[in-house]
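Following: one structure in C-alpha cells, then a few remarks.
Numbering (my numbering), first residue to last: 362 to 458.
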C-alpha cells in the first residue's frame, strides 16, 4: 500500500454533503470485494444518499465512516505458504441439479 494514499484516507474528514458521501463511497466501492460485509458497513451512509432523505449525520454514520477508513487503510494479512509444508486446497464445484 502506498503510504501517501493511506495517509490521505486517514485524513479524510467526515462528509458534510450527499455529494461528498457519494465520492467517499465511490472510492470505497472500488475495494468492496476485499471488505467483508461491505454493504452492511455502508448502509448508514447509503441511506443518506437517497432522494428525499434528510441529511442527518448520526453516530451510526460516523461509525460506518470510521470503519470504512480503517478497512481501507489496513491490509489483510496474507502469507505465502512454506514450500516444505503440507497444503490443503479446497475447490468449490458448481452444484448440478
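Glycine included, each C-beta is placed from N, C-alpha and C at the ideal position. It should be emphasised that the depicted structure is a prediction, and the values quoted were computed from it without experimental measurement.
query                                                                                                                                                                      : result
Give me the Cα-Cα distance between residue 403 and residue 386, rounded to the nearest whole angstrom.                                                                     : 8 Å
Relative to the C-alpha of residue 380, which residue among 388, 424, 429, 410 is closest?                                                                                 : 410
Taking C-alpha atoms, which residue in 366, 365, 390, 364 lies nearest to residue 426?                                                                                     : 390
Which residues in the same chain as residue 399 place their Cβ atom closer than 7 Å to its Cβ, once the five residues preceding and following it in sequence are excluded? : 393
Applying the criterion that 16 or more other CB atoms from any shown protein chain within 10 Å of the CB defines a buried residue, is residue 364 buried or exposed?       : exposed
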